[in-house]
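K.L.:
This structure is in structure tokens; I'll ask about it shortly.
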Amino acid sequence: MPKKTFISFKSEDILKVWALRGLSHFQNVAFEMDDVSLRESVDSKEEAYIKSVIRPKIKSCDVCLCLIGENTFRSRKWVPWEVRLASEEGKTILAMRLKDMNTAITPAVLSNLGIIPFDWDIEKLFVQIGR
1 MPKKTFISFK
11 SEDILKVWAL
21 RGLSHFQNVA
31 FEMDDVSLRE
41 SVDSKEEAYI
51 KSVIRPKIKS
61 CDVCLCLIGE
71 NTFRSRKWVP
81 WEVRLASEEG
91 KTILAMRLKD
101 MNTAITPAVL
111 SNLGIIPFDW
121 DIEKLFVQIG
131 R
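Laid out in structure tokens, this is it:
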């Protein structure tokens with residue numbers, strides 16, 4: 001059974017996130033992930049409401065996958081909050097740099113938790129999620 005995975009990412013990377021999600025639809029790609037993260041941004045500017053939508057998704061996941069793009073380290077609110085909440089809930093946290101982002105700076109929240117991101121490697125990601 002695929003593990004429930006919450007994907008944390010900076011909104012500017014949405015197209016790359018959708019590409020990753022789409023991999024599970026190819027027959028020659030052995031990939032199973034029950035993606036419980038948001039499909040659309042929450043239509044609100046109220047922080048408490050946004051958190052009330054995201055929190056149950058993180059609480060219900062097995063794995064929090066932080067995808068790191070060029071500017072993810074600049075996220076001051078949502079990526080750090082999501083990763084910290086996943087940590088507080090005892091979730092497995094993985095971090096992978098997006099394709100061609102091998103020099104992307106690791107967000108402080110990951111460094112502070114001792115999480116070392118790996119470069120884009122789908123096979124490694126699938127193995128890590130499958131543990």
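Going by UniProt numbering, the residue at position 23 of the sequence shown is 23; the numbering climbs one at a time, nothing skipped. Just so it is clear, CB atoms sit at the ideal spot from N, CA and C, and this is done for glycine as well. Here the structure is a predicted model, which means the values were calculated and not measured.
#1: What number of angstroms, rounded off, separates the C-alpha of glutamate 89 from the C-alpha of isoleucine 54?
#2: Examine the ligand FMN and report whether any of its heavy atoms sits within less than 7 Å of the Cβ of phenylalanine 126.
#3: Using three-state DSSP, classify valine 79 as helix, strand or coil.
#4: Near valine 17, which residues of its chain fall below 7 Å by C-beta distance, leaving aside the five closest residues on each side in sequence?
#5: Quick one: Cα of proline 80 to Cα of valine 109, how far?
#6: Rounded C-beta distance between threonine 115 and alanine 95? I'm assuming under 8 Å.
#7: For isoleucine 7, does the three-state DSSP call read helix, strand or coil?
#8: Could you have a look at arginine 74 and say whether DSSP puts it in helix, strand or coil?
#9: Could you check where the beta strand (DSSP E) with valine 53 kicks off and where it finishes?
P.N.:
Working from what's here:
#1: Glutamate 89 and isoleucine 54: Cα-Cα distance of roughly 13 Å.
#2: Judged by which ligands are present, the structure shown has none, so any question about the ligand FMN falls away.
#3: In the displayed model, valine 79 falls within a helix according to three-state DSSP.
#4: Excluding sequence neighbours, valine 17 sits near Ile7, Phe9 and Leu67.
#5: Each residue's Cα considered, the two are about 6 Å apart.
#6: Position check: residue 115 holds isoleucine in this sequence, whereas threonine was assumed. Between isoleucine 115 and alanine 95, the beta carbon gap of about 5 Å places them in contact (Cβ cut-off 8 Å).
#7: Strand, per DSSP.
#8: In the structure shown, arginine 74 sits in a helix (DSSP, three-state: H, G or I).
#9: Segment 47-60 is the alpha helix (DSSP H) holding valine 53; no beta strand (DSSP E) there.
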